[in-house]
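Novice: One structure, as structure tokens, below. Some questions next.
Chains as they are written, first to last, in the working numbering: chain A, 2 to 298; chain B, 4 to 239.
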């Protein structure tokens with residue numbers, strides 16, 4: 002088999018990898034969006050994002066297994082629960098370290114990650130838990146040129162929906178203007194009479210709720226396990242570096258785009274698929290150190 | 004009689020470990036225009052920032068329209084009717100001109116502010132450039148915007164920090180006209196000014212600061228008599 006066997010590639014294989022890439026890209030997009038929002042206002046690199054993504058997925062599994070709460074309800078409940086956890090985390094822990102270097106935020110959230118993952122691992126071990134695709138989205142649709150698995154289509158649609166909604170709120174509404182202004186100069190925004198500490202708390206809660214939302218979406222497609230966040234978060238951090246921290250739309254587009262690049266690499270040269278993101282990261286860092294959408298300081 | 008718009012007694016403030024205000028006393032009556040004079044580093048900007056709780060620790064008493072605010076959080080203090088225009092203007096780059104204008108929320112305890120139409124009438128340039136990115140405006144336009152946005156909120160006590168700094172003479176004249184209009188409309192204004200010739204004809208009263216304290220306080224009528232002292236204190 003040659004290195005570049007693109008010409009004799011069946012179209013359906015290409016399309017299915019493209020879809021898989023989009024599905025992964027959707028998770029990347031939601032996660033890097035949450036990281037970007039949190040970093041913007043809190044100046045905290047939220048290392049716990051992967052663990053909270055995992056928490057969303059495991060809570061979804063727990064909901065069904067212990068309380069018979071279905072997927073659709075957990076799609077709302079898991080982000081709410083994780084968001085509440087985030088609110089408490091911000092109030093009790095993160096609040097104390099804003100004046101310190103970024104590094105402390107990273108260390109604190111890394112510590113949280115170890116605690117959260119450790120707790121779930123001691124309860125459920127490291128082998129995966131299975132979560133069935135909800136009935137309404139089982140099966141696939143024949144598009145003529147390929148079979149489109151319904152659940153994957155739903156993941157992409159739901160992710161795009163939530164990403165677009167978040168972008169709209171931040172870029173086009175008054176609430177978003179507070180957030181953007183707060184990212185630039187929080188003290189001045191507070192001097193105008195806006196309760197910035199509350200806004201910071203809710204932003205962290207919202208950012209981690211996004212991670213949990215991605216976790217719920219992932220439960221039926223990625224094996225649910227206490228370590229599922231670890232595998233993903235490193236790639237997501239690379240994506241954030243590629244996109245740059247400056248832009249909401251940048252985080253979304255970079256996430257989706259790199260998912261697709263990863264998927265296509267699987268078709269062309271599968272061995273490189275798990276490293277291609279890092280290769281892109283190196284190239285981008287050489288050419289644009291602030292990232293594709295980042296602002297040079 | 005209405006309480007003073009601003010009544011500061013024995014205000015001390017710190018930035019971290021460094022003690023920057025050493026007991027500031029100052030009273031501003033409703034409708035007055037008061038100017039803080041002093042050399043760079045005398046503590047004038049810090050006084051404005053301390054009123055809003057933007058310094059580190061504070062001690063003493065700051066009553067805004069009669070309400071004690073020394074123990075309040077910054078966002079709570081603003082709602083007692085304060086509009087703040089910081090040094091360097093504080094225009095947000097990620098917001099359009101109009102978004103900058105609409106950013107400060109209407110204050111709870113305050114009266115009715117100017118409507119957006121009134122503001123655009125007063126600052127026609129801002130209406131023209133409402134969709135431009137905030138920091139793409141010229142220096143003068145940014146300064147107008149920085150003041151205009153606090154007129155919308157219902158704040159009656161305006162803290163203006165170096166609004167004439169770095170602007171062309173014609174813009175500075177426009178700002179002086181604006182201060183007169185605001186005074187006529189009954190606003191209370193506390194200005195920090197380096198530009199003595201801009202501030203002198205506008206103010207009803209002057210405070211002079213040195214080393215984090217008020218060292219002189221006098222009315223506009225005494226200005227001529229005080230010039231020798233001012234020359235010595237400020238080097239004007």
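Glycine included, every Cβ here is placed at the ideal spot set by N, Cα and C.
1) Which value, in whole angstroms, describes the spacing of the CA atoms of residue 23 of chain B and residue 16 of chain B?
2) For residue 167 of chain B, which three-state DSSP category applies?
3) Among B:90, B:8 and B:42, whose alpha-carbon lies nearest the alpha-carbon of residue 146 of chain B?
4) From the beta carbon of residue 182 of chain A, is the nearest beta carbon of chain B less than 8 angstroms away?
5) Excluding the five sequence neighbours on either side, which residues of its own chain have a C-beta within less than 7 angstroms of the C-beta of residue 159 of chain A, listed in chain order?
6) Curious, which full-length beta strand (DSSP E) runs of at least 3 residues does the stretch 137 to 221 of chain B contain?
7) On the DSSP bridge list, what partners appear for residue 29 of chain B?
8) Does chain B have any CB closer than 8 angstroms to the CB of residue 91 of chain A?
9) Using beta carbons (cut-off 8 angstroms, strictly below), is residue 190 of chain B in contact with chain C?
10) If you check the beta carbons only, do residue 264 of chain A and residue 240 of chain A fall under 8 angstroms apart?
11) DSSP puts residue 130 of chain A in a beta bridge; with which residues?
12) Any idea what DSSP makes of residue 290 of chain A, helix, strand or coil?
13) Between A:52, A:80 and A:89, which has its C-alpha nearest residue 1 of chain A's C-alpha?
14) Note down, in chain order, each residue of its chain lying with its Cβ closer than 8 angstroms to the Cβ of residue 210 of chain B, except the 5 sequence neighbours on either side.
15) Exposed or buried, which one is residue 144 of chain A when buried takes at least 16 other CB atoms within 10 Å?
16) Skipping 5 residues on each side, what residues in its chain have a beta carbon closer than 6 angstroms to that of residue 64 of chain A?
17) For residue 148 of chain A, write down the residues that DSSP places opposite it in a beta bridge.
18) Going along the stretch 186 to 204 of chain A in order, which residues come within less than 9 angstroms of chain B, judged by CB to CB distance?
19) With 8 angstroms as the threshold, decide whether the Cβ of residue 16 of chain B is near any Cβ in chain A.
20) Is the separation between the beta-carbon of residue 27 of chain A and that of residue 156 of chain A shorter than 8 angstroms?
21) Secondary structure at residue 2 of chain A, three-state DSSP: helix, strand or coil?
22) For residue 154 of chain B, go through chain A and note every residue whose CB falls closer than 8 angstroms to its CB, in chain order.
23) Could you tell me which whole alpha helix (DSSP H) segments of length 4 or greater appear in the stretch 247 to 293 of chain A?
24) Using the beta-carbon of each residue, which ones in chain A are nearer than 7 angstroms to residue 102 of chain B?
25) If you draw a straight line from the C-alpha of residue 171 of chain A to the C-alpha of residue 112 of chain A, how long is it?
26) Under a three-way DSSP split, which group does residue 61 of chain B fall into?
27) So residue 178 of chain A and residue 225 of chain B are in contact, right, with Cβ under 8 angstroms, and what is the actual spacing, rounded?
28) Using CA coordinates, which residue listed in B:124, B:108, B:18 and B:73 is at the minimum distance from residue 12 of chain B?
29) Determine whether the Cβ of residue 97 of chain B lies closer than 8 angstroms to any Cβ atom of chain A.
30) Suppose you measure from the CA of residue 54 of chain A to the CA of residue 36 of chain A; what does that come to, to the nearest Å?
31) Rounded to the nearest angstrom, what separates residue 163 of chain B and residue 207 of chain A at their Cα positions?
Specialist: Quick look at the numbers:
1) Numbered from 1 along the second chain, position 20 holds the residue referred to as residue 23 of chain B. Numbered from 1 along the second chain, position 13 holds the residue referred to as residue 16 of chain B. If I take the Cα positions, the gap works out to 6 angstroms.
2) By one-based count along the second chain, residue 167 of chain B stands at place 164. Coil at residue 167 of chain B, not helix or strand.
3) To locate residue 146 of chain B, count along the second chain from 1; it is residue 143. Residue 146 of chain B has its Cα closest to that of B:90, out of B:90, B:8 and B:42.
4) Numbered from its first residue, the first chain carries residue 182 of chain A at position 181. Answer yes: the Cβ-Cβ gap between residue 182 of chain A and chain B drops below 8 angstroms somewhere.
5) On the first chain, position 158 is the one that residue 159 of chain A refers to. If we look at residue 159 of chain A and ignore the five residues flanking it on each side, its Cβ neighbours are 218.
6) 160 to 164, 191 to 195 and 208 to 213
7) As a first step, residue 29 of chain B must be located in the second chain, where it is residue number 26. Residue 29 of chain B pairs with B:11.
8) Here residue 91 of chain A refers to the residue found at position 90 of the first chain. Residue 91 of chain A does not count as touching chain B.
9) In the structure shown, chain C does not exist; the protein chains are A and B.
10) Residue numbering aside, residue 264 of chain A sits at position 263 when the first chain is read from its first letter. Residue numbering aside, residue 240 of chain A sits at position 239 when the first chain is read from its first letter. In this structure, residue 240 of chain A does not lie closer than 8 angstroms to residue 264 of chain A by Cβ.
11) Against the first chain, residue 130 of chain A aligns to sequence position 129. Note: residue 130 of chain A sits in a beta bridge opposite A:225.
12) The residue you call residue 290 of chain A lines up with position 289 of the first chain. Looking at residue 290 of chain A - three-state DSSP - the assignment turns out to be coil, as it is neither helix nor strand.
13) This structure gives no information on residue 1 of chain A, because the portion of chain A shown stretches from 2 to 298.
14) Counting from one through the second chain, the residue named residue 210 of chain B turns up at place 207. 29, 37, 38, 39, 40, 217, 219 and 220.
15) The residue given as residue 144 of chain A occupies position 143 in the first chain. Exposed, since its Cβ has fewer than 16 Cβ neighbours within 10 Å.
16) By 1-based counting over the first chain, the position of residue 64 of chain A is 63. The answer, listed in chain order, is 70 and 75.
17) Your numbering for residue 148 of chain A matches position 147 in the first chain. Paired residue(s): A:143.
18) 186, 188, 189, 190, 191, 192, 193, 194, 195, 196, 197, 198 and 199
19) As a working note, residue 16 of chain B is residue 13 in the second chain. It does not; no Cβ of chain A falls within 8 angstroms.
20) Sequence index remark: in the first chain, residue 27 of chain A carries index 26 (1-based). Sequence index remark: in the first chain, residue 156 of chain A carries index 155 (1-based). A contact, by the Cβ cut-off of 8 angstroms.
21) Here the question's residue 2 of chain A lines up with position 1 in the first chain. With a pLDDT of only 45 at residue 2 of chain A, under 50, the local geometry of the prediction cannot be trusted, and no value is derived from it.
22) For the purposes of this step, residue 154 of chain B is taken as the residue at position 151 of the second chain. Under the 8 angstroms cutoff, chain A gives no residues; its nearest Cβ is about 13 angstroms from residue 154 of chain B.
23) 249 to 269 and 277 to 288
24) For the purposes of this step, residue 102 of chain B is taken as the residue at position 99 of the second chain. Per Cβ cutoff of 7 angstroms: 178.
25) The residue you call residue 171 of chain A lines up with position 170 of the first chain. The residue you call residue 112 of chain A lines up with position 111 of the first chain. Here the alpha carbons of residue 112 of chain A and residue 171 of chain A stand approximately 30 angstroms from one another.
26) Taking the second chain and counting its residues from 1, the one referred to as residue 61 of chain B is at position 58. Residue state, collapsed to three classes: strand.
27) Along the first chain, one-based indexing puts residue 178 of chain A at 177. Along the second chain, one-based indexing puts residue 225 of chain B at 222. Actually they do not touch by this definition, with Cβ atoms about 45 angstroms apart.
28) Translated into the one-based positions of the second chain, residue 12 of chain B becomes position 9. The option with the nearest alpha carbon to residue 12 of chain B is B:73.
29) Along the second chain, one-based indexing puts residue 97 of chain B at 94. Chain A contact via Cβ: present.
30) The residue given as residue 54 of chain A occupies position 53 in the first chain. The residue given as residue 36 of chain A occupies position 35 in the first chain. Distance between the alpha carbons of residue 54 of chain A and residue 36 of chain A: 12 angstroms.
31) As a working note, residue 163 of chain B is residue 160 in the second chain. As a working note, residue 207 of chain A is residue 206 in the first chain. Cα to Cα, residue 163 of chain B sits roughly 36 angstroms from residue 207 of chain A.
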